[in-house]
Amino acid sequence: MTLLKIIRLMILASVVLVLGFFSYQTHTEPQVRYNSLIHRLTYPTDLRVRYRIGDVDERFGLSHDEVKRLAHEAVMIWHDGTGRQWFVYDDSAKVSINLIYDERQMETTARQQIKQELDTLQQNHRRDSDNLARQRQALHDEFNRLQTELTAWQEQYNHTIHLINHTHDPNERQRLLGIEKQLRANQQALNAKIDAYQLSQDAFNQAVDDINHKAGHINHAIDHANARLTPREFHKGQFDGHKIDVYEFENIDDLRLVLAHELGHALSIGHNDDPTALMYPYASEQDLHNFELKQADIDLLNERTLYR
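This is the structure in structure tokens:
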């Protein structure tokens, strides 16, 4: 066998070994296929997915550095939840994270406005309901006072008339007639109070009608909002094997979770059925502010491969 053939065989064997190694590595650590071939050849034992920040549409109101920070926080959800580093930032990485502004974010903004308007309607309704409750109690108290006052006046008046009809003393009769006159004057004042109460009652009844009408408007607004605010699949972002494109988010916490979710797909895992988990296909019951990986998320990694 000539030296040239030996060299060719050695090269062929090396290529086979490298291809075999890459094939095995891709099978056991499928996320590495998203790194560049040059990096895999240069650092064959580095199993982390390398990512970078790509295009950030300024209409989202976030800078490149702010998105980079949020992406790091999303990465740390996976690192802290598993005790392993799955991702590393690299300006020359193959996988890019992009914020693409289109009609989806416009729709999100419209939904946020609907929610804000609905919240305002409900707050005003609660305020009006509380005011009506206080008015109702005040009217109830006023009715009881008037009822007591009217009963007392009627008893005193009847008693005075009875005495007038049965007295024969002119002086006593004159005194009683003076009391009767005063009672009639008191009756006019009492009637004025009753009239004022009735006006208040009429105004209250009108306010009740108004708030019931507003309640119908609110119920209609809620029905309309429910059609726009129902949980939707994570179409806010998409990972296609080369890049993570984010199309919509409601706030910073929501964006962090969207990034973490799509990074999960970069680990070659799918969805689970735990509504509190990161890889649940819908934005549903997740804790946006202080999110931690759930067991259902970790189980997806265990099913995909054993990690150490």
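Residue numbers are given in this note's numbering: position 155 of the sequence shown equals residue 137, and the series is strictly consecutive.
C-beta atoms are modelled at their ideal positions from N, C-alpha and C, and glycine is treated no differently.
Keep in mind the model is a prediction, meaning the values are calculated, not measured.
Residue 247 holds the alpha-carbon nearest to the alpha-carbon of residue 282 among 163, 270 and 247.
DSSP, read as helix, strand or coil, puts residue 43 in coil. When secondary structure is reduced to three states using DSSP, residue 66 falls in the coil class, being assigned neither helix nor strand. For the pair residue 56 and residue 234, the Cα-to-Cα distance works out to about 11 Å. Comparing alpha-carbon positions, the option among 33, 67, 62 and 66 lying closest to residue 53 turns out to be 33. Contact check for residue 242 against residue 256 fails: the beta carbons are separated by 8 Å or more.
Residue environment: residue 275 is assigned as buried (16 or more neighbouring CB atoms within 10 Å of its CB, all protein chains considered). Residue range 277 to 286 is occupied by the alpha helix (DSSP H) that includes residue 280. The Cβ atoms of residue 87 and residue 229 sit closer than 8 Å to each other. Two segments are said to touch when three or more pairs of C-beta atoms, one from each, lie closer than 8 Å; by this definition the region 96 to 104 does not touch the region 162 to 174. For the pair residue 250 and residue 59, the Cα-to-Cα distance works out to about 16 Å. In this chain, the alpha helix (DSSP H) harbouring residue 139 covers 85 to 148. Taking C-beta atoms as the reference points, residue 109 and residue 68 fail to come closer than 8 Å. A distance below 7 Å between beta-carbons, with the five flanking residues on each side excluded, links residue 159 to the following residues of its chain, in chain order: 146. One thing to note: residue 79 has its Cβ within 8 Å of the Cβ of residue 36. Proximity to residue 75 across 272, 139, 258 and 15 peaks at 15, based on C-alpha coordinates. In the DSSP annotation of this structure, the continuous segment of the alpha helix (DSSP H) that includes residue 237 starts and ends at 234 to 248. Under the three-pair Cβ rule at 8 Å, the region 170 to 186 counts as touching the region 112 to 130. A direct Cα-Cα distance of roughly 18 Å separates residue 203 from residue 111. For residue 78, the secondary structure class from DSSP, reduced to helix, strand or coil, is strand. The continuous beta strand (DSSP E) containing residue 221 extends over residues 219 to 221. Scanning its chain for C-beta atoms nearer than 8 Å, with the 5 sequence neighbours on each side dropped, one finds around residue 82 the residues 37, 39, 227, 228 and 229, in chain order. In the three-state scheme derived from DSSP, where H, G and I count as helix and E and B as strand, residue 198 is classed as helix.
Sixteen is the threshold: when 16 or more other Cβ atoms of the shown chains lie within 10 Å of the Cβ of residue 268, as they do, the residue is buried. Excluding sequence positions up to five before and after residue 220, its CB lies within less than 6 Å of the CB of 227, all in the same chain and listed in chain order.
In this structure, residue 239 lies near residue 270, with their beta-carbon atoms less than 8 Å apart. Rounded to the nearest angstrom, the gap between the Cα atoms of residue 223 and residue 252 is 13 Å.
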